[in-house]
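Numbering (this note's numbering), first residue to last: 1249 to 1478.
And the structure:
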């Protein structure tokens, strides 16, 4: 009996350490996301540690450098967005309502404020980033396709049109705090949704641009900025 109890103690201690590590990681990512939104990706890491209520060494134990931390935030945001998309698609009988729920919930992801740092601090060819992004793109496309098949979403838009418009609408003005958007951002998103409903009143100019096209432009722009600074 004593031997069995003795063997259980290290196991319980290990579980507690893993739980503590998971909680610390979540606190770091939450604090980093808020700090990145407020100050940009160059915010001092000790400010992130202060907001998370932990020591600098704990931050570096989870994320050895700034790029790793930005990557962690990007993955967390995309995973959260994908969960929302999957849940909305499963729970809403009307696919346009699922789209509406996804669009309005995007305010909580704060992806618009994080977009500028994606190309500069994240390797878009990173296998995990790529796989996570593909899952999110697929979940959004499933909602868009279902809404178009139901006749409630205009058929001349693609899922990338929708998400690019959302990212622009929830992105704060230069020099403005993200919170300054809150009083009216949902009004603007609802205007977007009303414009997406079928039947379309006005044909759209051009053809849908894919997010992949935008990502390539972002990579080129980021490379040009680095050349200008060097």
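We treat Cβ as the ideally placed atom computed from N, Cα and C, and that holds for glycine.
Checklist entry - Shortest alpha-carbon distance to residue 1416 belongs to which of 1396, 1368, 1407 and 1437? => result 1437
Checklist entry - Counting pairs of beta carbons, one from the segment 1332 to 1352 and one from the segment 1294 to 1306, are three or more of them closer than 8 Å? => result no
Item to check | Rounded distance between the beta-carbons of residue 1322 and residue 1410, thought under 8 Å | outcome: Rounded, the Cβ-Cβ distance is 20 Å, inconsistent with contact.
Checklist entry - Where does the unbroken alpha helix (DSSP H) through residue 1351 begin, and where does it stop? => result 1343 to 1357
Next on the checklist: Beta-carbon within less than 6 Å of residue 1324's beta-carbon, same chain only, minus the 5 sequence neighbours each way: which residues are those?
Outcome noted: 1277
Item to check | Buried or exposed by the 16-neighbour rule on C-beta atoms within 10 Å, applied to residue 1304 | outcome: exposed
Item to check | Residue range of the unbroken alpha helix (DSSP H) whose run includes residue 1301 | outcome: No alpha helix (DSSP H) contains residue 1301, which DSSP labels as neither H nor E.
Checklist entry - Less than 8 Å separating the beta-carbons of residue 1319 and residue 1374? => result yes
Checklist entry - If you draw a straight line from the alpha carbon of residue 1279 to that of residue 1267, how long is it in whole angstroms? => result 18 Å
Checklist entry - What does a CB cutoff of less than 6 Å around residue 1369 pick up in its chain, not counting 5 residues either side in sequence? => result 1289, 1315 and 1318
Item to check | Residue interval of the alpha helix (DSSP H) (run including residue 1382) | outcome: 1375 to 1397
Next on the checklist: Here's a check: name, in chain order, each residue in its chain whose Cβ is nearer than 7 Å to the Cβ of residue 1383, leaving out the five neighbours to either side.
Outcome noted: 1330
Checklist entry - Who are the near neighbours of residue 1272 in its chain, counting only those whose CB is closer than 8 Å to its CB and skipping five residues on each side? => result 1300, 1302, 1306 and 1310
Checklist entry - How far does the alpha helix (DSSP H) with residue 1432 in it reach, from first residue to last? => result 1430 to 1444
Checklist entry - What are the boundary residues of the alpha helix (DSSP H) that residue 1320 is part of? => result 1314 to 1339
Next on the checklist: On the DSSP bridge list, what partners appear for residue 1401?
Outcome noted: 1445
Checklist entry - Using a Cβ-Cβ cut-off of 7 Å (strictly less than) and excluding sequence neighbours within five positions of residue 1327, which residues of its own chain qualify? => result 1380
Item to check | Three-state secondary structure (DSSP) of residue 1370 | outcome: coil
Item to check | Backbone secondary structure at residue 1452 - three-state DSSP | outcome: coil
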